[in-house]
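First to last, the sequence lines map onto chains A and B.
Okay, so the first sequence: first residue is 3 according to this note's numbering, each after it adds one.
Okay, so the second sequence: first residue is 3 according to this note's numbering, each after it adds one.
All C-beta atoms in this analysis are idealised placements derived from N, C-alpha and C, irrespective of residue type, glycine included.
A short write-up of the structure that comes next.
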Amino acid sequence: MLKIQNLKVQIEKERILDHLNLNIKSGEVHVLMGPNGSGKSTLAKVLAGDSQYEILEGQVLYEVHFKEKDLLSMDISQRAQEGVFMAFQYPIEIPGLNNLEFLKTAFNSICKHQGVDVMKEEDFNNFALNKAKELGVDEEFLKRDLNAGFSGGEKKQNEILQMMILSPRLCILDESDSGLDVDSIKKIAKGINRFINKDRSVLLITHYHKLLELIRPDFVHVIIDGRIRKTGNFSLSEKIEAEGYDWISKTSQGL
Amino acid sequence: MIGFPKQVKDFKSHFYKNKAWEKSFNKKREAYLNSSQLIEDKTKDWRFFPFHKILSSEFDFNSKCIEIENLKAQLKDSIVIQIKNGDIVSYENEKFQVVSWTDFLEGKKQLPSSFTDKIFKSFNQQRNHLSCLNHIFYPRGFILIFKKAIRSAVEIHYLQDSLASKQALNLRNFIFIEKSARVLEFFHTRKSQKPLFLNIQTDCFLKEKTSLEYFAFDNMKEQDTIVHQMFSYLKKESKASFLNLSLNVGLSRWFKYVEQEEKSESKLRGLSLMSGKSHTDHKTTVKHKGLRGQSEQFFKSFLFDSARYVFQGLISIEKTADESETKQLNKNYLFSSKSSALSFPELDVCPANVKAEHGSTTSSFFERNPLLFYLKSRGIDSFLSFHLVLLSLLKETFSDCSKDMQSLIHKYLERQLALLEESLNQDKKNEK
């Protein structure tokens with residue numbers, strides 16, 4: 003579904019990603035771990051289309067209707083309409099914009115792009131309400147303004163709710179578990195587990211092992227200094243939880 | 003959101019970066035401050051018009067109060083007064099009553115029935131519009147006295163059709179609040195008409211424990227000029243809320259003066275959507291004179307093309323106004339690198355035990371903006387994202403107004419935004 007090839011990215015002349023390669027197939031859950039400042043969030047933002055980063059080299063191929071397209075040449079909204087979704091590490095607050103109204107506009111924009119009939123207001127409201135119940139969040143979420151006055155945990159849950167409603171094909175979760183209590187992490191995991199199927203893929207960025215216990219990813223990658231230094235399975239995250247990243251830095255020196 | 007975000011820091015202030023601009027600003031301001039010419043001379047450059055000169059020469063609060071009180075005493079409990087050639091409007095028993103100056107002098111308390119019918123028919127058709135009054139009388143001002151609480155808002159429309167014979171017009175209005183009231187003032191002109199200069203001074207007097215919601219919408223055109231001065235006097239435990247909406251007037255200058263007694267509350271809000279070479283000034287002075295008063299100021303501007311906005315807000319808390327609470331915030335959004343905003347939030351606090359906060363931000367929307375990025379990342383295209391962000395930022399300003407007022411303003415804004423976007427698109431097409 004997604005092929006990242008030899009990607010080099012910089013911001014304000016500082017290199018963040020350096021010859022990064024990653025392949026994600028349909029139905030797979032990949033986890034990206036790494037120390038602070040290693041380039042995890044940069045990768046997420048580059049995939050979502052953040053224009054503050056400069057692409058120096060490499061390409062990102064994204065499969066749309068069995069054809070590989072250049073993701074980096076697409077506009078931000080076009081990427082989302084083709085099924086790429088990023089759950090933000092720090093979701094933006096927009097007072098004055100109703101959450102449900104915003105979701106309906108986004109949902110209908112995606113429908114229009116994909117040539118599907120838009121949903122009637124009442125149908126969409128019921129659909130969104132059901133998704134909120136499925137995730138186990140208060141339906142008041144939908145009535146409030148977008149993330150305005152939400153706690154940190156509520157914002158993260160709202161991102162997952164958006165993911166469930168907009169039904170993307172590739173979901174990039176940027177530290178959706180950071181700063182959450184145990185119950186909130188369970189809700190996030192529940193949302194992700196319900197989301198995953200054979201046609202959808204997830205790239206999960208995290209620092210913690212707790213969420214991975216509940217999701218059981220297919221692959222765990224460790225990124226250090228903008229490059230993937232080690233790839234393994236769930237047991238790799240257990241080892242990182244116990245020993246940190248130093249051993250990977252040492253063994254990968256000179257690579 | 004207090005302080006400049008990082009991306010704005012470099013950009014902040016054309017004023018400080020552009021020395022020529024600063025020099026030109028100071029030169030013009032200096033010239034006007036030393037000038038005795040009034041604004042009516044349109045051949046002069048009006049851009050830095052000194053409000054305080056007009057105020058000091060024309061306004062004498064004590065003598066005006068006596069004059070009005072005398073007139074009120076003559077009129078007993080009912081219909082009313084006028085100043086010079088103005089209209090006289092009284093709202094009593096849920097009906098408007100209108101009397102001309104001559105009728106009043108002759109002791110008549112009612113207008114001829116055919117005349118009255120015409121006015122009230124128009125009221126019924128247009129939901130309390132007073133536009134017909136402007137049309138008929140070419141007024142120099144009006145007086146509104148609210149003796150009973152009014153359920154719907156009184157709308158006052160200034161139509162260019164009715165003002166067409168004049169290019170410059172001075173209006174002097176008075177509003178007395180003896181019960182709660184809501185007033186909407188609209189200024190309409192058409193592009194095809196001659197440039198218009200409107201100079202309006204409105205005085206509001208709120209009795210104890212009364213409230214007023216006051217909205218002024220200027221829907222004039224880029225060739226027009228409006229100078230609107232408003233003086234409000236809030237007696238003990240009264241509440242007043244003022245909102246100004248400026249849409250693309252060539253030059254608009256709003257001066258607001260609020261004087262507050264004990265436990266009174268005031269809210270001042272201003273929204274300016276401007277493009278082309280428009281220039282808007284908001285100058286405010288809120289004086290706390292009594293104990294435990296509360297005041298809030300929230301002014302926003304949305305600036306396209308080469309539009310300019312200046313906010314100068316002063317909160318003055320006198321020695322007698324202990325335990326007062328006050329907030330002042332100015333937010334400016336720049337949608338083009340040529341647009342600019344200047345902000346001067348000021349505090350003058352005498353007593354020790356007060357809560358006072360003020361701040362100002364200026365954000366650029368023509369570079370990468372996190373709000374737009376967030377919406378676009380959900381599949382909403384640039385145009386629609388922009389529309390949603392703009393509406394949400396606008397709505398924030400009047401979020402605590404009454405619901406029917408919010409709905410009215412929202413509809414009004416949506417219509418105006420659609421027109422604005424249409425014109426922006428047309429400009430882009432023309433550029434191509």
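Contact with chain B by residue i, beta-carbon distance below 9 Å
i, result
"A/P37", "no"
"A/S111", "yes"
"A/T107", "yes"
"A/M88", "yes"
"A/L168", "yes"
"A/Q12", "no"
"A/A82", "yes"
"A/G98", "yes"
"A/S93", "A quick correction: the sequence has Pro, not Ser, at residue 93 of chain A. Chain B contact via Cβ: present."
"A/L148", "yes"
With 16 other Cβ atoms within 10 Å as the buried cut-off, status of residue i
i, result
"B/V251", "buried"
"B/F385", "exposed"
"A/L135", "It should be pointed out that residue 135 of chain A corresponds to Lys in this sequence rather than to Leu. Exposed, by the Cβ-count rule."
"A/G246", "exposed"
"B/R380", "buried"
"A/G151", "exposed"
"A/K122", "exposed"
"A/K158", "buried"
"B/C206", "buried"
"B/S397", "As written in the sequence, residue 397 of chain B is Lys, which differs from the Ser given in the question. Burial call: buried."
"A/D77", "exposed"
"A/Q91", "buried"
CB contact check: residue i to chain A, cutoff 9 Å
i, result
"B/P114", "Its pLDDT being 35, under 50, B/P114 is placed unreliably by the model, and the measurement read from it follows with that caveat. Chain A contact via Cβ: absent."
"B/S379", "yes"
"B/V391", "yes"
"B/F367", "no"
"B/E298", "no"
"B/S234", "no"
"B/K397", "yes"
"B/P372", "yes"
Proximal residues to residue i (C-beta, below 6 Å), its chain only, five neighbours per side dropped
i, result
"A/V154", "Val is not the amino acid found at residue 154 of chain A; the sequence shown has Gly there. So the list reads G181, once near-sequence residues are dropped."
"A/S186", "G155"
"A/L238", "V222"
"B/T204", "N175 and M232"
"A/R202", "R171"
"B/K329", "E298 and E359"
"A/L216", "A191"
"B/A218", "E187 and N246"
"B/Y335", "F304, S365 and F367"
"B/D283", "R255 and V312"
"A/A50", "M88"
"B/Q296", "E267 and E327"
Same chain, Cβ closer than 8 Å to residue i, neighbours up to 5 away in sequence not counted
i, result
"B/L293", "E264, K265, T322, A323, D324, E325 and S326"
"A/L131", "E141 and L144"
"A/F129", "M121 and I167"
Own chain partners of residue i with C-beta closer than 7 Å, once the 5 adjacent residues on each side are dropped
i, result
"B/S38", "Model confidence at B/S38 stands at a pLDDT of 37, short of 50, so the residue's coordinates are unreliable; what they give is reported in the following sentence. Taken in chain order, the list of residues that qualify is empty."
"A/R218", "F236"
"A/L168", "F87, A108, F109 and I112"
"A/K200", "S28 and G29"
"A/I94", "N149"
"B/L377", "S387, L390 and V391"
"A/L21", "The residue asked about is misnamed: residue 21 of chain A is His in this sequence, not Leu. Excluding sequence neighbours, A/H21 sits near N8, K10 and R229."
Beta-carbon gap between residue i and residue j smaller than 9 Å
i, j, result
"A/R2", "A/S28", "For chain A, the structure presents residues 3 to 257; residue 2 of chain A sits outside this window and is missing."
"A/V33", "A/L205", "yes"
"B/R255", "B/F300", "no"
"A/K42", "A/I225", "yes"
"A/V48", "A/L9", "yes"
"B/L344", "B/K302", "no"
"B/L305", "B/S277", "yes"
"B/E215", "B/S240", "no"
"A/G17", "A/L58", "The question names Gly, yet the displayed sequence has Arg at residue 17 of chain A. For A/R17 and A/L58, yes; Cβs fall inside 9 Å."
"B/P353", "B/I319", "yes"
Proximity test, residue i beta-carbon vs the ligand GTP heavy atom, cut-off 8 Å
i, result
"A/I94", "By its list of ligands, the structure shown contains no ligand whatsoever, and the ligand GTP lies outside what it can speak to."
Write down every uninterrupted run of the beta strand (DSSP E) in the segment 245-316 of chain B whose length is 3 residues or greater and which is fully enclosed by it, in chain order.
-> Segments of the beta strand (DSSP E) lying fully in the segment 245-316 of chain B: 253-262, 267-276, 281-290 and 296-305.
Taking the runs of the beta strand (DSSP E) that are 3 residues or longer, which of them lie wholly in the segment 125-154 of chain A?
-> Given a length threshold of 3 residues, the segment 125-154 of chain A has no whole run of the beta strand (DSSP E) inside it.
Note down, one range per segment and in chain order, each alpha helix (DSSP H) of at least 4 residues found wholly within the segment 26-102 of chain A.
-> Whole alpha helix (DSSP H) segments, 4+ residues: 42-50 and 78-83.
Just list the alpha helix (DSSP H) runs in the segment 312-359 of chain B, keeping only unbroken ones of 4 residues or longer that don't cross its boundaries, in chain order.
-> For secondary structure counted as the alpha helix (DSSP H) over 4 or more consecutive residues, the segment 312-359 of chain B holds no complete run.
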